[in-house]
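In UniProt numbering, the protein residues as written are 1 to 467. Okay, so here's the structure we're looking at.
This is the structure we're talking about:
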């Protein structure tokens, strides 16, 4: 880390002491989370040298504890008759004096560590570790005098810019990274899909705008870019650029992009693709190697609310009354967006009016295709269910276009057997139910159509549950 800071300083990017400390903390593994918490709330840790000294002491403590555990494990299994290795074998030690010294040095590490210089992280005294401390455990609390509360902080090494591939077969621009968008609008998952060349579909999570900074200084703004994190490449649609009036001149080694007489940029060949020569970094300083996400809020209540798993206000007041939340005495909880999103509920649907006699209302739906076909090759099935008795009929079909013939057979069967006529048919808005032939059959039989609202299968719940 010190070498990296020195290289950044040589390159003209000087990091402050606070940034250096945060960079070191965020680079620690998960097993050092206890050190992250202690160093974050330690006012004496202000520079890179301070935190380096604490981490070195902690590393020495772990190294001293590790051989002790190994010796304890070895002594517990000393009853085994079989011996491994040559350590302790006099004949082997005389023949190998170098290895004897090596074993002797290794044995020295097994002894107890000198604790006179060790500092306890609980009482800040020398001579023992925090796990051996007899003082009351220190309660971590936030210092209200701090100017910033670090809600989240991370260190990211600057990645190479994503490759934007020029695709003549794509109908829309596609990006796989959320950070590439300068404007973004989230859409509900499942409302829009991308279909790849192998006939697999990928969910679109949002739509927005991306800015590509071309090498010549021009900025190519891509509107209506689809955000699909499961896609493997960032794609620039040739068709979308042509619709905006851009000219794309392809040649052996790449392409040139221009708008009228204005040259925008170029592309080059890479790994069998044509890639735009651009930079998608949206930050004001493209050479930043570290990113710190800092919140300037001083509301301690929000921090404790998140730490305690978004508990309610009443429970937080009880904890504050018992002085279990450190220096927090008054609960002032603002609106929590996470709680609102998690606890949002949909109003229940009203009870529907049920049919009063058979064939008054029929529910129908098609399910498929199934992964395993039936004996005769059918991969779909269509259902017709009475709303009055919930009795139903099932027909196996190979294609959705066979729905019309199945419905004609079903009408002739039930109307002849029950001496009644079908009054109403409720279906979704699938193409098999909206064909002209299906409409003509319903008009001929005098059957009233009930079509559900798009993306509302609850309106035809009888058929959905049967499927």
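Glycine is no exception: its CB is placed at the ideal position from the N, C-alpha and C atoms.
For residue 167, count neighbouring C-beta atoms within 10 Å of its own C-beta (all shown protein chains included) and say buried if the count is 16 or more, exposed if not. Residue 167 is buried by the Cβ-count criterion.
For residue 46, the three-state DSSP class (helix, strand or coil): coil
Validate contact between the segment 425-434 and the segment 327-342 using beta carbons, cut 8 Å, 3 pairs: no
Please list the segments of the beta strand (DSSP E) lying wholly inside the segment 404-459, counting only runs of 3 or more residues, in order along the chain. 424-427, 448-451
Can you tell me which of 175, 303, 210 puts its alpha carbon nearest to the alpha carbon of residue 228? Proximity to residue 228 across 175, 303, 210 peaks at 175, based on C-alpha coordinates.
Integer-rounded CB distance, given that residue 165 should sit under 8 Å from residue 262: About 23 Å separates the two Cβ atoms, so there is no contact after all.
At a cut of 8 Å, does the segment 239-250 reach the segment 198-212 through at least three beta carbon pairs? no
Determine the closest residue to residue 362 out of 208, 451, 257, 16, with distance taken between C-alpha atoms. Here the closest residue by C-alpha is 451.
Throw me the rounded Cβ distance for the residue 45 and residue 51 pair, which I believe falls under 8 Å. 5 Å
For residue 110, which three-state DSSP category applies? Residue confidence for residue 110 is low, a pLDDT of 48 falling below 50, so the modelled location carries little weight and cannot support an answer.
List in chain order: all unbroken beta strand (DSSP E) runs of 3+ residues lying wholly within the segment 298-362. none
Under the rule that 16 or more other beta-carbon atoms within 10 Å means buried, what is residue 215, buried or exposed? So residue 215 ends up on the exposed side.
Beta strand (DSSP E) segment containing residue 385, residue limits: 380-386
To the nearest angstrom, how far is it from the Cα of residue 266 to the Cα of residue 15? 35 Å
Buried or exposed: which applies to residue 136, given that a residue is buried once 16 or more other Cβ atoms fall within 10 Å of its Cβ? exposed
From the DSSP output, read off the bridge partner residues of residue 214. 278
Can you confirm whether the segment 340-359 touches the segment 316-329 when touching is taken to mean that 3 or more C-beta pairs between the two stretches lie within less than 8 Å? No, because fewer than three Cβ pairs between the segment 316-329 and the segment 340-359 fall closer than 8 Å, the two stretches do not touch.
Could you name the residues that DSSP lists as bridge partners for residue 185? 207
Only counting the same chain, and skipping five residues up and downstream in sequence, which positions put a Cβ closer than 7 Å to that of residue 254? 266, 267, 268, 269, 274
What number of angstroms, rounded off, separates the C-alpha of residue 360 from the C-alpha of residue 396? Cα atoms of residue 360 and residue 396: separation of roughly 24 Å, rounded to the nearest angstrom.
Rounded separation between residue 131 and residue 457 - CA only: 59 Å
Go through its chain and collect everything with a Cβ distance to residue 211's Cβ below 6 Å, but skip five positions before and after it. 182, 219, 221
DSSP state of residue 28 mapped onto helix, strand, coil: coil
Contact set for residue 133: own chain, Cβ-Cβ below 7 Å, skip 5 residues either direction: 120, 122, 123
Sort 385, 162, 368, 427 by Cα distance to residue 377 and report the nearest one. Selected option, being the one with the closest Cα: 368.
Mapping the DSSP letters down to three states, classify residue 167 as helix, strand or coil. strand
Between the alpha carbons of residue 19 and residue 26, how many angstroms are there, rounded? 10 Å
Which of the three DSSP states, helix, strand or coil, is assigned to residue 255? strand
Inter-residue Cα distance where the pair is residue 417 and residue 379: Distance between the alpha carbons of residue 417 and residue 379 is about 29 Å.
The alpha helix (DSSP H) with residue 238 in it runs from where to where? 238-243
Opening and closing residue of the alpha helix (DSSP H) in which residue 463 lies: Element bounds for residue 463: 461-466.
Return helix, strand or coil for residue 468, following the three-state DSSP convention. Given that the chain is displayed from residue 1 to residue 467, the structure contains no residue 468 and the question cannot be resolved.
Identity of the residue in 421, 382, 412 nearest residue 402 by Cα: 382
Assuming residue 224 and residue 172 make a contact with CB atoms under 8 Å, what is their CB distance in whole Å? 7 Å
Using 8 Å for Cβ pairs, my map puts residue 300 next to residue 328. What's the rounded Cβ distance? 5 Å
Using three-state DSSP, classify residue 117 as helix, strand or coil. Here residue 117 sits in coil by DSSP.
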